[in-house]
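Participant: My questions all concern the structure below.
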Amino acid sequence: MATVSMTVNGKLVSRDIDPRTLLAQFLREELRLTGTHVGCDTTQCGCCTVHVDGKAMKSCTLLALGVDGSHITTIEGLAHGQELHPMQAAFRDHHGLQCGFCTPGMIMTAVDMVNRKGTNLDDQTIREELEGNICRCTGYHNIVKAVHYGAEAMAGTTKAAAE
Amino acid sequence: MYPFTYHRPDSLGSAAALAGSADAKILAGGMTLLPTMKQRLAAPTSLVDLNSLSDLAGISVAGGKVTIGAMTRHADVAASEEVRKAIPALADLAGWIGDPMVRHRGTIGGSVANNDPAADYPAACLALGATIVTNMREIAADDFFTGLFDTALEEGEILTGIVFPIPAKAAYQKFRNPASRYAIVGVFVAQSAAGVRVTVTGAGENGVFRVASFEEALAKDFSAKAIEGIVVPAEGLNSDIHADAVYRANLINVMARRAVEAAR
Chain A
3 MATVSMTVNG
13 KLVSRDIDPR
23 TLLAQFLREE
33 LRLTGTHVGC
43 DTTQCGCCTV
53 HVDGKAMKSC
63 TLLALGVDGS
73 HITTIEGLAH
83 GQELHPMQAA
93 FRDHHGLQCG
103 FCTPGMIMTA
113 VDMVNRKGTN
123 LDDQTIREEL
133 EGNICRCTGY
143 HNIVKAVHYG
153 AEAMAGTTKA
163 AAE
Chain B
343 MYPFTYHRPD
353 SLGSAAALAG
363 SADAKILAGG
373 MTLLPTMKQR
383 LAAPTSLVDL
393 NSLSDLAGIS
403 VAGGKVTIGA
413 MTRHADVAAS
423 EEVRKAIPAL
433 ADLAGWIGDP
443 MVRHRGTIGG
453 SVANNDPAAD
463 YPAACLALGA
473 TIVTNMREIA
483 ADDFFTGLFD
493 TALEEGEILT
503 GIVFPIPAKA
513 AYQKFRNPAS
523 RYAIVGVFVA
533 QSAAGVRVTV
543 TGAGENGVFR
553 VASFEEALAK
563 DFSAKAIEGI
573 VVPAEGLNSD
583 IHADAVYRAN
593 LINVMARRAV
603 EAAR
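Chains A and B supply the protein sequences, listed in that same order.
Residues in the first sequence are numbered from 3 upward in steps of one, following the numbering used here.
Residues in the second sequence are numbered from 343 upward in steps of one, following the numbering used here.
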């Protein structure tokens with residue numbers, strides 16, 4: 003066992019864990035933050051995407067000990083109370099999901115995309131940036147649309163909303 | 343995941359000592375190693391995580407050379423104005439690896455040390471005549487890539503950085519597997535005072551290799567037309583469900599011509 007400490011959604015957490023614990027497992031099983039999903043477990047589908055020190059990464063391919071001391075934001079950390087993050091609201095308003103399994107990863111990637119590329123995103127940029135997220139239901143059209151409008155809605159609130 | 347011992351040393355010396363022990367493996371970004379361990383394709387009994395060695399990350403450009411620390415992430419190479427100005431082909435290459443999340447974590451040192459036959463960086467190292475720097479010595483790229491997932495690195499030897507001479511012109515063109523984003527064929531073309539080099543990744547049975555016939559033709563006439571009629575033999579190329587050897591051989595010519603046209 004080894005001790006790991008990190009700040010998750012603004013709260014400092016510390017646990018004794020087996021060194022083989024992946025960040026996705028740590029979030030889901032230790033902290034019970036089950037919004038982070040594990041789809042493929044092979045670094046391809048992007049369902050497990052979270053922000054590590056402000057950057058989108060795949061939590062199924064990080065050891066929890068490997069991000070010791072980091073600041074983690076998960077899908078649970080985006081909304082303000084009952085008020086959805088603009089990107090979450092856009093996915094709901096524009097039907098950017100069907101089964102919803104990939105949605106947490108899509109939204110974490112989308113917010114990271116806006117942080118790096120700004121709030122005025124064209125479709126080609128959105129599609130390229132979503133390369134690491136796989137959806138089996140929607141055919142992506144409404145996801146691209148949702149990211150486009152979610153990014154616009156984040157304009158002006160980008161910094162506050164990002165973390 | 344199976345159980346293992348985890349070390350996160352805070353000095354290169356202790357990292358080297360730990361990495362020298364039997365059955366230890368160095369963890370850089372982990373974008374290949376961790377999935378490989380999950381599948382039991384690799385099963386080291388201990389991991390030596392280099393992520394606390396912040397001295398190993400960073401980019402500097404001086405004296406006609408770009409030096410990139412081993413722990414520099416792909417996203418940082420892709421976004422570096424300095425790299426884009428000095429060797430735009432290298433920034434392009436870094437920006438085409440994997441996907442945004444993989445690029446945020448994966449490192450140049452991990453990619454080069456792993457020498458995956460479809461990885462992008464080995465093509466750049468060999469085409470640009472880079473020098474691979476370790477905690478023990480400097481190794482010319484020509485001597486570094488020794489075969490499939492095999493390099494000149496010895497037990498306990500840690501790759502610390504890579505020095506790329508700035509060429510007159512270069513470009514990388516990649517035909518990607520749309521699912522994995524690895525190269526089915528990737529061609530790096532570089533023109534410098536030392537001549538022209540053309541390297542291929544994704545296609546060779548033994549990993550990255552140079553194409554002498556293209557290099558000779560391009561040294562005389564650096565144009566896509568100069569290599570248009572040169573056939574690359576299919577012998578020694580990979581065949582898999584994505585592309586057979588003949589297809590790859592043809593693709594090498596196509597991607598090389600595109601790279602020559604894109605070179606700047």
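Note that the Cβ used here is the ideal one computed from N, Cα and C, for glycine as well.
Computed from a prediction, not measured in an experiment: that's the story for all the values here.
Mind checking lysine 60 of chain A: buried by the 16 CB within 10 Å criterion, or exposed?
Facilitator: Buried, because 16 or more other Cβ atoms sit within 10 Å of the Cβ of lysine 60 of chain A.
Participant: Rounded to a whole number of angstroms, what is the C-alpha to C-alpha distance between histidine 150 of chain A and isoleucine 128 of chain A?
Facilitator: Their backbone Cα atoms lie some 8 angstroms apart in a straight line.
Participant: Short check: CB of valine 529 of chain B to CB of valine 542 of chain B, under 7 angstroms?
Facilitator: Cβ atoms of valine 529 of chain B and valine 542 of chain B: closer than 7 angstroms.
Participant: Check whether the Cβ atoms of aspartate 434 of chain B and tyrosine 348 of chain B sit closer than 7 angstroms, and answer yes or no.
Facilitator: No.
Participant: In the structure shown, what three-state DSSP assignment does threonine 449 of chain B receive?
Facilitator: The answer is strand: DSSP assigns threonine 449 of chain B an E or B state.
Participant: Any contact between the stretch 403-416 of chain B and the stretch 487-506 of chain B? By contact I mean 3 or more CB pairs, one from each, below 8 angstroms.
Facilitator: Cβ pair count under 8 angstroms is three or more, so yes.
Participant: Would a C-beta distance cut-off of 7 angstroms place alanine 92 of chain A and threonine 121 of chain A closer than the cut-off?
Facilitator: Their beta carbons are not under 7 angstroms apart, which means alanine 92 of chain A does not touch threonine 121 of chain A by this criterion.
Participant: Does the distance from the C-beta atom of methionine 108 of chain A to that of asparagine 135 of chain A stay below 7 angstroms?
Facilitator: The answer is yes: Cβ separation under 7 angstroms.
Participant: Please state whether the Cβ-Cβ distance between aspartate 70 of chain A and valine 10 of chain A is less than 7 angstroms.
Facilitator: No, the pair does not count as a contact, with Cβ atoms beyond the cut-off.
Participant: Is the Cβ of histidine 584 of chain B closer than 7 angstroms to any Cβ of chain A?
Facilitator: Cβ-Cβ to chain A under 7 angstroms: no for histidine 584 of chain B.
Participant: Just mark isoleucine 450 of chain B as buried or exposed, buried being the case when its beta carbon has 16 or more other beta carbons within 10 Å.
Facilitator: It is buried - the Cβ of isoleucine 450 of chain B has at least 16 other Cβ atoms within 10 Å.
Participant: Leaving out five residues before and five after arginine 94 of chain A in sequence, what residues of the same chain have Cβ atoms less than 8 angstroms from its Cβ?
Facilitator: The residues are Leu86.
Participant: In the structure shown, what three-state DSSP assignment does phenylalanine 346 of chain B receive?
Facilitator: Coil, per DSSP.
Participant: List, in chain order, every chain B residue whose beta-carbon is nearer than 7 angstroms to that of lysine 57 of chain A.
Facilitator: Simply His446.
Participant: Based on Cα-Cα distance, which residue from B/Ala494, B/Pro464, B/Thr387 and B/Val553 lies nearest to alanine 591 of chain B?
Facilitator: Closest option to alanine 591 of chain B, Cα to Cα, is B/Val553.
Participant: Run the CB neighbour count on threonine 1 of chain A, radius 10 Å, all protein chains shown included, and call it buried at 16 or more, exposed below.
Facilitator: An answer regarding residue 1 of chain A cannot be provided, because it is not within the stretch 3 to 165 covered by chain A.
Participant: DSSP three-state call for methionine 156 of chain A: helix, strand or coil?
Facilitator: Helix at methionine 156 of chain A.
Participant: List the residues that DSSP assigns as beta-bridge partners of lysine 57 of chain A.
Facilitator: According to DSSP, lysine 57 of chain A bridges with A/Val54.
Participant: If you check the beta carbons only, do leucine 389 of chain B and leucine 360 of chain B fall under 7 angstroms apart?
Facilitator: Cβ distance not < 7 angstroms, so leucine 389 of chain B and leucine 360 of chain B don't count as in contact.
Participant: Measure from the alpha carbon of leucine 398 of chain B to the alpha carbon of each residue in B/Ala568, B/Met413 and B/Ala384, then state which is nearest.
Facilitator: For leucine 398 of chain B, the nearest C-alpha among the options comes from B/Met413.
Participant: Would DSSP call leucine 14 of chain A helix, strand or coil?
Facilitator: Leucine 14 of chain A: strand per DSSP, three-state reduction.
Participant: Only counting the same chain, and skipping five residues up and downstream in sequence, which positions put a Cβ closer than 7 angstroms to that of serine 72 of chain A?
Facilitator: Cβ neighbours of serine 72 of chain A beyond the five flanking positions: Met8, Val54 and Asp55.
Participant: I need the straight-line Cα distance from alanine 357 of chain B to glycine 12 of chain A, nearest angstrom please.
Facilitator: Approximately 32 angstroms, taken between the alpha carbons.
Participant: For serine 555 of chain B, collect the residues of the same chain with a Cβ closer than 6 angstroms to its Cβ; drop the 5 residues on either side in sequence, then sort them by chain order.
Facilitator: Here the set comprises Ile572.
Participant: Please confirm whether methionine 373 of chain B and valine 419 of chain B have their CB atoms less than 7 angstroms apart.
Facilitator: No, they are not a contact pair.
Participant: For chain B, find out if any of its Cβ atoms is closer than 7 angstroms to the Cβ of threonine 38 of chain A; answer yes or no.
Facilitator: Output row for threonine 38 of chain A: interface = no.
Participant: Identify the residues that DSSP records as bridge partners of proline 507 of chain B: which are they?
Facilitator: Paired residues: B/Lys407.
Participant: Nearest chain B C-beta to lysine 119 of chain A closer than 7 angstroms, yes or no?
Facilitator: So no, lysine 119 of chain A is outside the interface.
Participant: Would the beta-carbon of alanine 621 of chain B fall within 7 angstroms of that of histidine 446 of chain B?
Facilitator: Not covered by the structure: residue 621 of chain B. The range shown for chain B is 343 to 606.
Participant: Below 7 angstroms between beta carbons: does that hold for threonine 493 of chain B and asparagine 477 of chain B?
Facilitator: Not in contact: threonine 493 of chain B and asparagine 477 of chain B (Cβ atoms no closer than 7 angstroms).
Participant: Any Cβ of chain A within less than 7 angstroms of the Cβ of methionine 343 of chain B?
Facilitator: Judged by the 7 angstroms Cβ criterion, methionine 343 of chain B is in contact with chain A.
Participant: Measuring only from the beta carbon, is arginine 552 of chain B closer than 6 angstroms to any heavy atom that is part of the ligand FMN?
Facilitator: Ligands are entirely absent from the displayed structure, and the ligand FMN is therefore not among its contents.
Participant: Following the continuous alpha helix (DSSP H) through threonine 140 of chain A, name the residue where it begins and the one where it ends.
Facilitator: Element bounds for threonine 140 of chain A: n/a, residue is neither H nor E.
Participant: Give me the Cα-Cα distance between glutamine 126 of chain A and histidine 143 of chain A, rounded to the nearest whole angstrom.
Facilitator: Their Cα atoms are separated by approximately 12 angstroms.
Participant: Per DSSP, what kind of secondary structure is leucine 64 of chain A in: helix, strand or coil?
Facilitator: Coil.
Participant: Scan the stretch 19-43 of chain A for residues whose Cβ lies nearer than 9 angstroms to a Cβ of chain B and list them as they occur along the chain.
Facilitator: Per Cβ criterion, the list reads Asp20, Pro21, Arg22, Thr23, Leu24, Gln27 and Asp43.
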